[in-house]
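Participant:
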Amino acid sequence: GEIYERVFIVGPIMDGERCAGAVGFSVREEKFYVFRSKATLVAMGGAVHVFKPRSSGEGMGRAWYPPWNSGSSAYFTLKAGAEMTCQEVRFIPVRFKDAYGPVGAWFLLFKSRATNAMGGNYMVERKAELENWAPYGRVKPIPANLRNYMGMLDVMEGKGPIYMRTEEAIAAIANEYKDDEKAYKKKMKELESEAWEDFLDMTISQAVLWASTNVQPEEKSSEIAAAEPYFIGSHSGASGAWVSGPEDLQTAETKDAYFWGYANMSTVPALFCAGDASGASSHKFSSGSHAEGRIAAKAAIKYIVEKGAAPKVDDAEIEKLKAEILKPFAVYEQFKGATTDPDINPNYIKPRMFMFRLQKIMDEYAGGITAQFTTNEPLLKRALELLAFLKEDSANLAAADVHELMRCWENIHRMWQAEAHVRTILFRKETRWPGYYFRADTPKMDEQNWHVFANCRYNPANGEWETMARPILHVFPQA
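With our numbering, letter number 445 in the sequence shown gets 445, and the count goes up by one each step, no holes.
(1) W465 lies in the beta strand (DSSP E); which residues open and close that run?
(2) CB-CB under 7 angstroms to V89, same chain, minus the five flanking residues each way: which ones, in chain order?
(3) For L321, would you say it is in contact with chain B, using Cβ-to-Cβ distances shorter than 8 angstroms as the test?
(4) Please state whether DSSP places E58 in a helix, a strand or coil.
(5) Only counting the same chain, and skipping five residues up and downstream in sequence, which positions put a Cβ closer than 7 angstroms to that of A297?
(6) Which word fits I361, buried or exposed, when buried means at least 16 other C-beta atoms lie within 10 angstroms of its C-beta?
(7) Please specify which runs of the beta strand (DSSP E), each continuous and at least 3 residues long, are wholly inside the segment 69 to 97, giving them in chain order.
(8) Using the Cα positions of Y4 and A277, report the straight-line distance between them to the nearest angstrom.
(9) Name the two residues that bound the continuous beta strand (DSSP E) containing R6.
(10) Report, in whole angstroms, the separation of the C-beta atoms of N396 and L358, which I expect to be a contact under 8 angstroms.
(11) How close, in whole Å, do the beta carbons of T467 and N455 come, if the pair is a contact with beta carbons under 8 angstroms?
(12) Within a Cβ cutoff of 6 angstroms, which residues of the same chain sit near V94, ignoring the five residues on either side of it in sequence?
(13) Does the structure place the segment 147 to 162 close enough to the segment 117 to 135 that three or more beta carbon pairs sit under 8 angstroms?
(14) Scan the segment 387 to 456 and note each continuous alpha helix (DSSP H) run of 4 residues or more that stays entirely inside, going in chain order.
(15) Does the beta-carbon of L249 have 16 or more other beta-carbons within 10 angstroms, so that it is buried, or is it exposed?
(16) Between W260 and the rest of its own chain, which residues show a CB-CB distance below 7 angstroms, the 5 nearest in sequence each way excluded?
(17) Taking only the alpha-carbon atoms, compute the straight-line gap between A20 and H474 and give it to the nearest angstrom.
(18) Cα separation between I308 and K79?
(19) Which partner residues does I13 have in the DSSP bridge list?
(20) Roughly how many angstroms separate the alpha carbons of S205 and N69, rounded to a whole number?
(21) Drop a sphere of 10 angstroms on the beta-carbon of K38, count the other beta-carbons inside from all chains shown, and report buried for 16 or more, exposed for fewer.
(22) Using three-state DSSP, classify R36 as helix, strand or coil.
(23) Based on the DSSP output, what are the partners of V42 in its beta bridges?
(24) Ends of the alpha helix (DSSP H) at M123?
(25) Let me check understanding here. Comparing Cα to Cα, which of R138, F231, E197 and E392 lies closest to A63?
(26) Assuming P328 contacts A399 (C-beta within less than 8 angstroms), just tell me the rounded distance between them.
(27) By the three-class DSSP mapping on this structure, what secondary structure does I369 have?
(28) For my contact list, L130 and L146 are in at a C-beta cut-off of 8 angstroms; report their separation, rounded to the angstrom.
(29) Let me check understanding here. Comparing Cα to Cα, which of P460, K312 and D98 lies closest to V208?
(30) Across which residues does DSSP place T375 in a beta bridge pair?
(31) Tell me where the alpha helix (DSSP H) around E197 begins and ends.
(32) Within 10 Å of its beta-carbon, does T431 have 16 or more other beta-carbons around it, so buried, or fewer, so exposed?
(33) Using the DSSP secondary-structure output, state which residues sit across from T115 in a beta bridge.
(34) Is it a yes or a no for the segment 154 to 166 touching the segment 177 to 186, going by three-plus beta-carbon pairs under 8 angstroms?
(35) Is there contact between the segment 366 to 386 and the segment 312 to 321, where contact requires at least three CB pairs shorter than 8 angstroms?
(36) Terminal residues of the continuous beta strand (DSSP E) containing A300?
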């Protein structure tokens, strides 16, 4: 095999309804790449910066999930015509505010608690709220989105900010040694080191923020807050392609709906997905995504052995894709002389300003941080109108070099992820994941009508979108 590095994959090559490879370009040289394949495995991550982040000027680009995850998996599978699932499910982690430091060690290792500004423990005070989301609200541990939601309710009632009581947690552990002054001081030093190491191991910027704001975790609490929404098929997200399940897990009831020949193959023949590209399979994290990648790769090899005829690729179609992908170069060269500032031009838009427009739309209309993650049907329909204008203007994106060309296509990918999300959240007439989003016009969960997978598909042949419900069939017996 051969590995090609620093190549930005833009989209699929199609042989009729079958995926026959991919096209992309080098982000270091002026080279255009065409990869023909008998089977293609998509594992290009999730999507970050679709929504406006909390830090939009100062600290711009700071995010919880990798900022180079720009929706490439979603774009690739959508443009191939694959059916997508759970596109309404965006993940919102609660993390230490502004630098997104992890909270897990504090809750699990230090046994800390989170409170509102008045010291109230919202997980205790709002326990009754969980019954409104039964049966899921009765599950142990409490689902991540509901934990988010209970804290958000306090914030919306003016009880913020929310604090991680670090000083309280450290004191509780150290107090076991309070009768031995030497042992007490030693334990306090150990706990202080562990607190800083937690961030230095995972999120160095949080340690920098603590240091720059004179935070001493053994003396004062630290703010935690809900991040902006992300699209991932792992962790507590679920968005991705609708893929075939493994044959050995199917039952008589599920095999026709959940299996079509090869594990992790999308509804497009020869197109396989893993990790954040694969939907409806949450909590994979890195180890599970790695395992899924192995499963998908083995299935792809099996497909090649059994059905892998050499792809037929139309050279004229390749040239058409090349012209489309490299167009931002031509736009910039044609119009760059119209203004003295290359970032401001009546004839084109640079990728950064394009991204800001996308984030503004999603933040204000699709339930971002500004709207307290709340939306409704009129807002979502307005989002689609504005996304249509943005898609028109994407034809006028301009790039002065290969780095800006990458930024252009990253933001086009984000835009397609955004549209899939808006269309699916509009389709699902309920609020199923409070704490990730809230449909103010359908504020309850509707198990009778919406205990289904909400799927969508873009039809490359006519440019039309369709949304559909797929049944939830339980592979494992339910209690």
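Quick reminder that beta carbons are idealized off the backbone N, C-alpha and C, glycines included.
Facilitator: On the basis of the data shown:
(1) In the DSSP assignment, W465 falls within the unbroken beta strand (DSSP E) covering E464 to P471.
(2) Correct list, in chain order: G237, A238, S239, W433 and Y436.
(3) No chain B is present in this structure, which holds just one protein chain.
(4) Coil.
(5) Cβ within range, chain order: L41.
(6) So I361 ends up on the buried side.
(7) Runs of the beta strand (DSSP E) inside the segment 69 to 97: 83 to 85 and 94 to 96.
(8) Straight through space, the alpha carbons of A277 and Y4 are spaced by roughly 20 angstroms.
(9) Taken as a continuous stretch (DSSP letters only), R6 belongs to no beta strand (DSSP E), as it is neither H nor E.
(10) That belief does not hold up - the Cβ atoms of N396 and L358 are roughly 14 angstroms apart, past 8 angstroms.
(11) Correct: roughly 7 angstroms between the Cβ atoms.
(12) Same-chain partners within the cutoff: N148, I224 and A226.
(13) Cβ pair count under 8 angstroms is three or more, so yes.
(14) Under the rule that a run must span 4 or more residues, the alpha helix (DSSP H) segments found entirely inside the segment 387 to 456 read 402 to 427 and 447 to 450.
(15) In this structure L249 is exposed. Its beta-carbon is surrounded by fewer than 16 other beta-carbon atoms within 10 angstroms.
(16) So the list reads S244, once near-sequence residues are dropped.
(17) Looking at the two C-alpha atoms, the distance is approximately 33 angstroms.
(18) Checking the sequence shown, residue 308 turns out to be Gly, not Ile. The alpha-carbon atoms of G308 and K79 are separated by roughly 21 angstroms.
(19) For I13, the pairing in a beta bridge is given by DSSP as G21.
(20) The alpha-carbon atoms of S205 and N69 are separated by roughly 19 angstroms.
(21) So K38 ends up on the buried side.
(22) Three-state DSSP puts R36 in a strand.
(23) C273, per the DSSP bridge assignment.
(24) For M123, the uninterrupted alpha helix (DSSP H) segment begins and ends at Y122 to E125.
(25) Nearest in C-alpha terms to A63, of all of R138, F231, E197 and E392, is F231.
(26) The distance from the Cβ of P328 to that of A399 is about 4 angstroms, consistent with a contact at the 8 angstroms cut-off.
(27) In this structure, DSSP gives I369 a state outside helix and strand, which the three-state scheme calls coil.
(28) Contact between L130 and L146 is confirmed by a C-beta separation of about 6 angstroms, below the 8 angstroms threshold.
(29) For V208, the closest of P460, K312 and D98 by C-alpha to C-alpha distance is D98.
(30) DSSP lists R439 as partners of T375.
(31) Per DSSP, E197 belongs to the alpha helix (DSSP H) from E181 to M202.
(32) Here T431 is buried. Its C-beta has 16 or more other C-beta atoms within 10 Å.
(33) DSSP lists Y163 as partners of T115.
(34) Touching, no, given that fewer than three Cβ pairs across the two stretches are closer than 8 angstroms.
(35) Flag = no, the segment 366 to 386 and the segment 312 to 321 do not touch.
(36) That residue, A300, is in no beta strand (DSSP E); its alpha helix (DSSP H) goes F285 to K307.
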